[in-house]
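Following: one structure in structure tokens, then a few remarks.
Residue numbers (my numbering), protein chains in the order written: chain C, 1 to 265; chain Y, 266 to 320.
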């Protein structure tokens, strides 16, 4: 079984080819497809007069700051427009397909981040209210397994729900790693805007779980988190994690043909 | 301005224009948060912060 995650930059630049590529595998294999799409959310925020906000973590990672107004747009775009466009595109290619958010079922349970640390416009570290973002703490696989057993490909929008029934913006990478671990997927493929884990400009072909700790300091912010979570996923029972380019013509075939970085035990 | 570390009692230098929520790493190893307590600027240990994983 495959779990495939496509990041927001790839959604912007190459979603058609990604969906075409995914459809080839989804017609014959159980597959869960997780999508980002932050730039589309940003565009729609502006269209409805909600100015998008971003914060920078002390590690230098720029993230969306989701307040109540932005959460409404986030849910409309992620679970609505984007998710259903992907579903309808897969259906048009002959794939039995269902699109859900993590609030359906529910499937993704998260804890709301009460406060987060940012670097403010003066370059100083500050702690602020966490807004409507969360950390996934549990994946309930009942709905996923039911749909997969009926032959459906499942497309998941990165929205989770907390214990009070509040929907939360959750990181799509994190969703992918947690879902793949919960389902003990054979392969988790992370399609990004780079060809793999790069060290000194060269793609690292393979990383063993035991090597991750020694490598994370040599790769950029963002990719280091992917590596750590990939390692955790493999330890949790995922066969292997492939980090590869989503910007090529047939990204999934490309990734499964050995192009990119494979993390395995 | 100089404030007192609530953990070790040592002096902590805080910028005069520090805002509530601003963080200061003190020599004793604790991260302190600037708070406005009824008009008085104080420091307290940073608590309740989660790893940032936003979209």
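The beta-carbon is built from N, C-alpha and C at its ideal position, and this holds for glycine as well.
Suppose you measure from the CA of residue 318/Y to the CA of residue 305/Y; what does that come to, to the nearest Å? Caution applies to residue 318/Y, whose pLDDT of 49 falls short of 50 and renders its modelled position unreliable; the model cannot decide the point.
In chain C, which residues lie with their C-beta within 7 Å of the C-beta of residue 314/Y? 115, 116, 117, 127
Flag this pair as yes or no: are the beta carbons of residue 159/C and residue 241/C separated by less than 9 Å? no
Name the residue from 175/C, 132/C, 129/C, 124/C whose alpha carbon lies nearest to the alpha carbon of residue 138/C. 175/C
Please go through the same chain and pick out, in chain order, the residues whose beta-carbon is closer than 7 Å to the beta-carbon of residue 118/C, but skip the five residues on each side of it. 55, 56, 57, 126, 128
Measure the C-alpha to C-alpha separation of residue 110/C and residue 168/C and round it to an integer number of angstroms. 7 Å
Hey, how far is the Cα of residue 46/C from the Cα of residue 38/C? 13 Å
Among 98/C, 179/C, 177/C, which has the Cα closest to the Cα of residue 151/C? 98/C
Closer than 8 Å by beta-carbon distance: list the chain C residues that pair up with residue 298/Y, in chain order. 127
DSSP beta-bridge partners for residue 199/C? 202/C
Kindly indicate which residue of 238/C, 31/C, 163/C has the alpha-carbon position closest to the one of residue 87/C. 31/C
DSSP state of residue 319/Y, grouped into three classes? The predicted model places residue 319/Y with a pLDDT of 46, which falls under 50 and marks its position as unreliable; any figure quoted below should be read in that light. If DSSP states are grouped into helix, strand and coil, residue 319/Y belongs with coil.
Taking the alpha-carbon of residue 229/C as reference, which of 172/C, 204/C, 247/C, 199/C has the nearest alpha-carbon? 172/C
Count the other CB atoms, across all protein chains shown, that sit within 10 Å of the CB of residue 320/Y; report buried if there are 16 or more and exposed otherwise. Residue confidence for residue 320/Y is low, a pLDDT of 41 falling below 50, so the modelled location carries little weight and cannot support an answer.
Inside the stretch 91–130 of chain C only - beta strand (DSSP E) runs reaching at least 3 residues: 97–101, 108–112, 115–119, 125–129
Leaving out the 5 sequence neighbours to the left and right, which residues in its chain are closer than 6 Å to residue 131/C when beta-carbon positions are compared? 65, 66, 67
Taking 9 Å as the CB-CB cut-off, is residue 120/C touching chain Y? yes
For residue 71/C, which residues of its own chain have a beta-carbon under 6 Å away from its beta-carbon, when the five flanking residues on both sides are left out? 132
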